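One structure is given here, and the rest of the page talks about it.
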Amino acid sequence: MDLLGIGKPVRTEDVTLGGCPATGEDPEAQVLVFESELHGCGSQLQMTEDSFIYTFTLIHTPTLGDGQILRTRDVSVSIQCHYPRKSNVSSEVLKPTWNPFRDSKASEESLYFSFSLMTDDWQFPRPSAQLILGDMMKFEVSVQQFHHAPLRVTVDSCVATVHPNIDTVPRYVFLGNNGCLFDSQLTGSSSRFLPRSQDDKLQFELEAFRFQQDDSGTIYITCSVRATVASAAVDASNKACSFFNGWREAGGSHDACTCCDTDCGRGSQSHLTGAGAQWEQETSFGPITVGERPL
Numbered sequence: 001m002d003l004l005g006i007g008k009p010v011r012t013e014d015v016t017l018g019g020c021p022a023t024g025e026d027p028e029a030q031v032l033v034f035e036s037e038l039h040g041c042g043s044q045l046q047m048t049e050d051s052f053i054y055t056f057t058l059i060h061t062p063t064l065g066d067g068q069i070l071r072t073r074d075v076s077v078s079i080q081c082h083y084p085r086k087s088n089v090s091s092e093v094l095k096p097t098w099n100p101f102r103d104s105k106a107s108e109e110s111l112y113f114s115f116s117l118m119t120d121d122w123q124f125p126r127p128s129a130q131l132i133l134g135d136m137m138k139f140e141v142s143v144q145q146f147h148h149a150p151l152r153v154t155v156d157s158c159v160a161t162v163h164p165n166i167d168t169v170p171r172y173v174f175l176g177n178n179g180c181l182f183d184s185q186l187t188g189s190s191s192r193f194l195p196r197s198q199d200d201k202l203q204f205e206l207e208a209f210r211f212q213q214d215d216s217g218t219i220y221i222t223c224s225v226r227a228t229v230a231s232a233a234v235d236a237s238n239k240a241c242s243f244f245n246g247w248r249e250a251g252g253s254h255d256a257c258t259c260c261d262t263d264c265g266r267g268s269q270s271h272l273t274g275a276g277a278q279w280e281q282e283t284s285f286g287p288i289t290v291g292e293r294p295l
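Final position of the sequence shown in the UniProt record's numbering is 295; the numbers increase by one with none missing.
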């Protein structure tokens with residue numbers, strides 16, 4: 001595939017879809033095949049009035065040879081998949097991986113979570129995922145409610161990895177125990193949840209870092225997010241806690257954080273009806289590139 005337009009095909013292993021390798025190849029047609037879930041391979045979801053737009057990034061990273069020169073370069077190409085919002089989500093075209101609402105008030109509805117890296121003023125998704133050490137990565141998690149009763153979104157756990165696969169090493173679990181942001185306690189960083197201003201949106205800051213074992217500065221962030229009815233109590237299973245001279249909960253219910261230094265349990269994951277109704281999804285963002293700060 002002449003991706004660079006220089007009359008020379010690129011190496012198949014040098015091209016990924018958001019870090020995911022090609023699953024097939026047709027050398028004669030110069031075609032690479034990629035297969036991914038809509039929420040996989042670092043995709044980002046944007047919702048407009050009429051469409052769901054999943055944006056992937058096709059990445060070419062040339063393999064370094066034995067010499068000191070390169071005749072190809074890094075290339076990133078944005079790829080978008082558009083789906084009408086009014087399509088039947090139970091069809092083969094679009095299959096949500098999260099649990100549908102089981103309450104009779106909206107039994108045919110589904111929820112849509114978004115996970116975005118935001119600008120410093122929190123107004124827009126950040127156009128670039130390139131940062132330097134010392135920067136604050138500002139993440140926003142939200143849930144699209146449609147016709148549901150008011151919902152509250154929480155983040156149960158997050159892990160940072162060099163690759164999209166969360167089971168690879170090195171890996172850093174900086175948030176866990178059903179909503180406890182450990183990073184500031186473990187490293188003395190300024191990472192924190194922002195005070196909650198609305199139930200269906202949650203914002204947190206994570207101080208940028210690099211893995212010692214990796215020179216690329218690339219990280220992927222994968223989080224388990226959850227929505228519960230807003231009337232449910234903020235407790236050990238449903239919270240957003242940061243550490244600064246003690247544990248503090250983003251909504252002010254600080255007593256819910258007392259278990260962060262022990263074990264907050266698995267939560268009420270089996271309660272999917274009535275006042276305890278909840279929905280879960282694993283969502284990810286990446287790649288993020290963190291460079292070293294110039295001296």
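Positions of the beta carbon are idealized from the N, C-alpha and C atoms, including for glycine.
Remember, predicted model here, so these are calculated numbers, not experimental data.
- Per DSSP, Ser114 is not a residue of any alpha helix (DSSP H); the beta strand (DSSP E) it occupies stretches across 112 to 117.
- A residue is called buried once 16 or more other Cβ atoms fall within 10 Å of its Cβ, and Val153 is buried on that count.
- In the displayed model, Leu38 falls within coil according to three-state DSSP, outside both helix and strand.
- Look at Cys257 here: in three-state DSSP terms it is helix.
- Annotation: the stretch 162 to 221 contains the following complete segments of the alpha helix (DSSP H) (minimum length 4 residues), in chain order: 183 to 187.
- For Arg248, the pairing in a beta bridge is given by DSSP as Ser242.
- Residue pairing from DSSP places Pro84 in a beta bridge opposite Ser51.
- Annotation for Gln80: Ile53, Thr55 place their beta carbon closer than 6 Å to its own, counting only its chain and skipping 5 residues before and after.
- When only Cα atoms are considered, Leu186 and Ser242 end up about 12 Å apart.
- One thing to note: Val225 has its Cβ no nearer than 8 Å to the Cβ of Phe139.
- The three-state reading of DSSP puts Thr16 in strand, counting E and B together.
- Under the 10 Å beta carbon count, Gly19 is surrounded by 16 or more other beta carbons and is classified as buried.
- Exposure of Asp167 is indicated by the presence of fewer than 16 other C-beta atoms within 10 angstroms of its C-beta.
- The beta carbon of Leu194 sits closer than 6 Å to those of Gln203, all from its chain and outside the five residues before and after it, given in chain order.
- According to the DSSP assignment, Val31 belongs to the beta strand (DSSP E) that extends over 31 to 33.
- Here the alpha carbon of Thr228 sits roughly 10 Å from the alpha carbon of Val143.
- Secondary structure at Cys264: coil, using DSSP grouped into helix, strand and coil.
- One Cα belongs to Asp14, the other to Val77, and the distance between them is close to 14 Å.
- DSSP places Pro21 within a strand segment (E or B) once states are collapsed to three.
- When the beta-carbon positions are compared, Ser190 and Met118 stay at least 8 Å from each other.
- Val143 has Phe113 as its beta-bridge partners, per DSSP.
- The beta carbon of Arg171 sits closer than 6 Å to those of Val159, Thr161, all from its chain and outside the five residues before and after it, given in chain order.
- Taking the CA atoms as reference points, Ser128 sits about 27 Å from Ala250.
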